[in-house]
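J.: This is the structure I have questions about; it appears just below.
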Ligand SMILES: Cc1cc2nc3c(=O)[nH]c(=O)nc-3n(C[C@H](O)[C@H](O)[C@H](O)COP(=O)(O)OP(=O)(O)OC[C@H]3O[C@@H](n4cnc5c(N)ncnc54)[C@H](O)[C@@H]3O)c2cc1C
């Protein structure tokens, strides 16, 4: 699991960059249906998260993510790998 | 159903997309700001000689190889337009530890380099073996309708630096193998091994120059477009893109001369930063425009166009690269420093039989801020300080060339220079760079911008959406056309050629 701190950092970035209300950013939020993001947004999202957290994510995995929870999980995997 | 398509810019990518969509029955109009078509394919005349702006040589052009197939598929290949570079010595790299010359063919390079590093024969074979393995795994390089892309994906994520480190080779061998980064304009830590493999493969399998200049290829592409019913309009500088009320589509394009173009689809073959500036920040997703703003630019460059009194033994069928203090650690505009300067020298008249003069061209990297004191709008041709700075920047370069070709400086009969501002005037990129966006792996592969955009009816093409180079830009045009007309059939037809 990703620590609370990382999640809140990601949420602040996503809410700023994608102009989304922060309360909508929950693990269950569906990227397409709830947040209105599309496949092109996936790469933009990845770049902003990488910049914020200073870690590298796998593009294909981010593109396959369905919910924000999937993204949190990916970040959790990367941050525990690098620990 | 036939659609109307407006394309911004007439670089090789735009011209490629135009032909491939015209072939499917669409109606295409290209808007080019310059008075000549072709982007970096265009040439200019000085001292009675034709100089190239950006097209010095072409890889993978022997029969059966990717560029040969693609140009044939576009209907523009003419054997006599090209001249094979010296197979024994195509690219000469002058680096810190000495000189190495790439020659034609994998085996020859493997044995030449193994002679220099006899204890590392296996590692050298592994390097070249994986270059081939990786290059053939790209479906839009060795055109394949279906292919196993696992090798490609693996190498798009690995840097050239990491690959070489894994081989555990000595620094001198490492330096030799990264020397072609001067050509890519990306440092080995930022460059994916996959992209590197395509460039190296395309040079090793065959290298050609233009016999009559890149402008002839531009002309052939434009002729083909007109033959298919398309049009290329010159002196049409696009200054604004209108967005529909719902913000989802592009409605029309406006040019500086007041003309307006509506169409079903729009394709931008120019720098993404420029085209999205014209769309207007207010019409873009913030997430996208802030990402675009963060993208680094490749190094700006300066040029010297020279007539020598004597050939000095310079082989017109060879390209010469110089990184006298070692291949620089950075290549992007923000960090490139004067002391990291690297440069290359080519001959605009390749054909020895037709040579009556000894013209050469030198292009050198240039620190981003160097020319920031001038502005295109107010710059005068005879601005003394501006002209003096251009000359000053070439002093250390001419010194280097004098060492390699004794008598070089005394043999300069005529010379004129270009600066990043020259490039901005004739072929606009944000900082006058040669290669547009810095093609680190942050900006290539699945992370690249384009060919699709956030607007349903707008596509992107060009070196910034894939990779620089004539082949890279042309393939980007193919990929963009593929999004409109379907890529599978194009690849199948190319595969069968
Ligand atoms: C110095 C140098 C050396 C190079 N050497 C080689 C080489 O040896 N081999 C090789 O393969 N590649 C080389 N390249 C790279 C290669 O030339 C380019 O990657 C390729 O030509 C880019 O094609 P493109 O279609 O992306 O865009 P470009 O060729 O840049 O075309 C863009 C076009 O858009 C037009 N345009 C821009 N803004 C507007 C506007 N607002 N309205 C209308 N039109 C507009 C421009 O005038 C231009 O015609 C070199 C490049 C440079 C600069």
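Chains as they are written, first to last, in the UniProt record's numbering: chain A, 1 to 83; chain B, 1 to 497. From the three backbone atoms N, C-alpha and C, an ideal C-beta is built for every residue, glycine too.
Strictly under 9 angstroms for the Cβ-Cβ distance: is residue 405(B) near chain A by that measure?
T.: Output row for residue 405(B): interface = no.
J.: Run the CB neighbour count on residue 55(B), radius 10 Å, all protein chains shown included, and call it buried at 16 or more, exposed below.
T.: When all chains shown are included, residue 55(B) counts as buried.
J.: Taking residue 332(B) as the reference, which of 186(B), 137(B), 68(B) has the closest Cα?
T.: It is 186(B) whose Cα lies nearest to the Cα of residue 332(B).
J.: Using DSSP's beta-bridge definition, name the partner residues of residue 1(B).
T.: According to DSSP, which records beta bridges pairwise, residue 1(B) is partnered with nothing at all.
J.: Count the other CB atoms, across all protein chains shown, that sit within 10 Å of the CB of residue 353(B); report buried if there are 16 or more and exposed otherwise.
T.: Exposed is the call here.
J.: Run through the DSSP bridge pairs and tell me what residue 359(B) is partnered with.
T.: DSSP lists 307(B) as partners of residue 359(B).
J.: Can you tell which of 477(B), 358(B), 274(B), 468(B) has the C-alpha that lies nearest to the C-alpha of residue 428(B)?
T.: Nearest option by C-alpha distance: 274(B).
J.: Compute the distance between the beta-carbons of residue 218(B) and residue 36(B), then report whether it is under 9 angstroms.
T.: Cβ atoms of residue 218(B) and residue 36(B): closer than 9 angstroms.
J.: Please tell me whether residue 6(A) and residue 53(A) are closer than 9 angstroms, where the distance is taken between their beta carbons.
T.: Taking 9 angstroms as the Cβ cut-off, residue 6(A) and residue 53(A) qualify as a contacting pair.
J.: Is any beta-carbon of chain A found at less than 9 angstroms from that of residue 442(B)?
T.: For residue 442(B), the answer is yes, since a Cβ of chain A falls inside 9 angstroms of its Cβ.
J.: In terms of residues, what are the limits of the beta strand (DSSP E) holding residue 82(B)?
T.: Residue 82(B) -> beta strand (DSSP E) spans 82-84.
J.: Give the interface partners of residue 19(A) over in chain B, defined as CB-CB distance under 9 angstroms, in chain order.
T.: 285, 286, 287, listed in chain order.
J.: Going by DSSP, what residue range makes up the beta strand (DSSP E) through residue 74(B)?
T.: No beta strand (DSSP E) contains residue 74(B), which is instead part of the alpha helix (DSSP H) from 66-74.
J.: Determine contact between the stretch 2-22 of chain B and the stretch 175-186 of chain B, defined as no fewer than three beta-carbon pairs at a distance below 8 angstroms.
T.: Counting Cβ pairs under 8 angstroms, fewer than three are found: no touch.
J.: Using the Cβ count rule (16 or more neighbours within 10 Å means buried), how would you classify residue 361(B)?
T.: So residue 361(B) ends up on the buried side.
J.: Can you tell me whether residue 124(B) is buried or exposed? The criterion is at least 16 other CB atoms within 10 Å of its CB, across all chains shown.
T.: Flag for residue 124(B) reads buried.
J.: When you check each C-beta in the stretch 451-466 of chain B against every C-beta of chain A, which residues fall closer than 9 angstroms?
T.: Within the stretch 451-466 of chain B, the qualifying residues are 452, 453, 454.
J.: From the DSSP output, which residues share a beta bridge with residue 94(B)?
T.: According to DSSP, which records beta bridges pairwise, residue 94(B) is partnered with 99(B), 322(B).
J.: Can you determine whether any heavy atom of ligand 3 sits closer than 8 angstroms to the C-beta of residue 33(B), and answer yes or no?
T.: Within the structure as shown, ligand 3 is missing, the only ligands being ligand 1.
J.: Check whether the Cβ of residue 276(B) lies closer than 8 angstroms to any heavy atom of ligand 1, and answer yes or no.
T.: Checking the Cβ of residue 276(B) against ligand 1 gives no.
J.: The beta strand (DSSP E) that contains residue 209(B), what's its start and end?
T.: Residues 207-210.
J.: Which value, in whole angstroms, describes the spacing of the CA atoms of residue 491(B) and residue 390(B)?
T.: Taking the straight line from one Cα to the other gives about 46 angstroms.
J.: How would you list, in chain order, the residues of chain B whose beta-carbon sits under 8 angstroms from the beta-carbon of residue 59(A)?
T.: Those within 8 angstroms of residue 59(A) in chain B are 445, 446, 447.
J.: Since residue 41(A) meets chain B, which of its residues come closer than 9 angstroms, beta carbon to beta carbon?
T.: Within chain B, the residues near residue 41(A) are 285, 287, 288, 454.
J.: Quick one: does residue 294(B) have its CB under 9 angstroms from some CB of chain A?
T.: True, the Cβ-Cβ gap to chain A drops below 9 angstroms.
J.: Determine the burial state of residue 69(B): buried for a count of at least 16 other Cβ atoms within 10 Å of its Cβ, exposed for fewer.
T.: It is buried - the Cβ of residue 69(B) has at least 16 other Cβ atoms within 10 Å.
J.: Would you mind giving the Cβ-Cβ distance between residue 269(B) and residue 43(B), rounded to the nearest angstrom? I have them listed as a contact below 8 angstroms.
T.: With a Cβ gap of about 19 angstroms, residue 269(B) and residue 43(B) do not count as contacting.
J.: Compare the C-beta of residue 273(B) with all C-beta atoms of chain E and state if any pair is closer than 9 angstroms.
T.: As a matter of chain content, chain E is missing from the structure shown, whose protein chains are A and B.
J.: With H, G and I counted as helix, E and B as strand and the rest as coil, what does DSSP make of residue 495(B)?
T.: Residue 495(B) falls in the helix class under three-state DSSP.
J.: Buried or exposed: where does residue 75(A) fall if 16 or more other Cβ atoms within 10 Å of its Cβ makes it buried?
T.: By the neighbour-count rule (16 or more Cβ atoms within 10 Å), residue 75(A) is buried.
J.: What residue range is occupied by the uninterrupted beta strand (DSSP E) comprising residue 43(A)?
T.: Counting along the chain, residue 43(A) falls outside any beta strand (DSSP E), though it belongs to the alpha helix (DSSP H) covering 39-53.
J.: For residue 30(A), which three-state DSSP category applies?
T.: In the structure shown, residue 30(A) sits in a strand (DSSP, three-state: E or B).
J.: Quick check: what's the CA-CA separation for residue 460(B) versus residue 453(B)?
T.: For residue 460(B) and residue 453(B), the distance between alpha carbons rounds to 7 angstroms.
J.: So with Cβ pairs under 9 angstroms, would you call residue 510(B) a contact of chain A?
T.: An answer regarding residue 510(B) cannot be provided, because it is not within the stretch 1 to 497 covered by chain B.
J.: Roughly how many angstroms lie between the CA atoms of residue 258(B) and residue 393(B), to the nearest whole one?
T.: Going by the C-alpha atoms only, they are around 40 angstroms apart.
J.: Can you name the residues of chain B whose CB is closer than 7 angstroms to the CB of residue 44(A)?
T.: Within 7 angstroms Cβ-Cβ: 287, 288, 291.
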